[in-house]
Amino acid sequence: MLLVTGVSGALGSLVADRLAGRPDVVLGTRAGLPGTRLLDFDAPGTLPEAFSGVETLLLVSAGYGEDDTVVARHEAALSAAEAAGVRHVVYTSLSGDSDHLTYALAHRWTERRLRNSPVLDWTILRNGLYAELLAWIASPDAENRITGPLGRGRLAAVARADLADIAVSVATDPAAHRNRVYELVGARALGGDDLAAALGAVYAPGTLADARAALAASGAAPFQVPMLASTYSAIAHGFLDGTGVKSDLRALLGGREPLDALDVFVKAVRAEG
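Following the working numbering, the numbering of the sequence shown begins with 12 at its first residue and continues without gaps.
This is how it looks when you write it as structure tokens:
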């Protein structure tokens with residue numbers, strides 16, 4: 012039996028759609044919706060029953076929170092998996108070039124925790140940043156200007172749909188990927204000028220300080236402000252352009268071409284508009 016967590020999130024919901032109707036798959040949600048198992052990492056008492064009979068766990072990162080919160084969630088999940096007799100955990104992590112991001116620590120902690128488990132086999136999917144994320148951090152303003160402080164940097168962005176396809180492929184045949192780490196950064200690095208040209212906009216990047224102040228004024232949670240600022244900074248300073256990573260994206264897509272990240276960005280911006 013395969014258990015998929017995080018199905019109410021953007022990536023998890025795509026995975027759930029692809030696995031719908033399979034009798035060997037169960038979905039875990041905090042709300043305990045019909046047809047799912049109640050699974051709340053913040054309530055460890057829900058986990059033993061949720062993991063009952065599960066052989067493979069697709070652990071979609073619960074990475075939305077402070078480091079100590081995320082680490083506690085992942086520790087609860089992995090400890091419960093070990094106790095329940097889960098054999099293999101597939102974990103959606105963060106690409107290897109992302110260590111300058113403030114939210115990388117909890118991912119690296121979880122990877123280390125998996126490697127040190129005395130009983131679990133594991134596969135780590137080091138996902139690059141989503142192309143859809145660019146629609147949030149680099150959309151044109153009312154004057155048709157992209158002001159996100161991307162500098163002259165570029166992002167090797169990945170379509171969420173491609174990452175969902177890979178997660179399904181690996182989680183439904185985990186033995187073929189036992190104790191492997193896969194880097195899944197995009198095939199095409201995008202800069203601010205590329206994004207603007209695709210939308211008929213102007214790229215006029217602001218400063219990190221401006222972006223930080225705007226997010227703080229928006230009512231964002233305190234931990235979100237450094238998350239966004241570090242994302243802009245890592246892109247602007249050339250750490251996320253994919254040049255230092257050998258990507259396994261095409262291989263795990265069965266040889267097909269990845270979705271075009273620029274097309275995904277444009278569609279996401281227009282859908283939000």
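For every residue, glycine included, the Cβ atom is placed at its ideal position computed from N, Cα and C.
When Cβ pairs closer than 8 Å are counted between the two stretches, the region 216-232 is seen not to touch the region 167-183, the count staying below three. Residue burial annotation: Ala187 is exposed, with fewer than 16 other C-beta atoms found within 10 angstroms of its C-beta. Short of 7 Å from the beta carbon of Thr57, and not among the five residues preceding or following it, lie these beta carbons of its own chain, in chain order: Leu49, Leu50, Asp51.
Under a 10 Å Cβ-count criterion, Gly64 is classified as exposed, with fewer than 16 other Cβ atoms of the shown protein chains found around its own Cβ.
Under the three-pair Cβ rule at 8 Å, the region 101-113 counts as touching the region 137-156. The closest CA to that of Arg171, considering only Pro216, Val256, Leu144, is found on Leu144. For a cut-off of 8 Å, the C-beta gap from Val101 to Ala178 is around 7 Å, short enough to register as a contact. A residue is called buried once 16 or more other Cβ atoms fall within 10 Å of its Cβ, and Gly266, having fewer, is exposed. By the C-beta criterion, the region 31-44 is judged not to be in contact with the region 90-97, since fewer than 3 inter-stretch pairs fall below 8 Å. Thr80 is the residue among Thr80, Asp132, His99 whose C-alpha sits nearest the C-alpha of His118.
Spatial neighbours of Leu174 in its own chain (CB-CB distance under 7 Å, excluding positions within 5 residues in sequence) are listed in chain order as Leu22, Asn138, Leu195. The continuous stretches of beta strand (DSSP E) do not include Ser180, which lies in the alpha helix (DSSP H) extending over residues 171-182. Taking 7 Å as the cut-off, the Cβ atoms of Leu161 and Pro216 count as close.
Residue state for Leu105 is assigned as strand, using DSSP reduced to three classes.
One Cα belongs to Gly197, the other to Pro34, and the distance between them is close to 33 Å.
The criterion of a C-beta distance shorter than 7 Å is not satisfied by Ala207 and Arg165.
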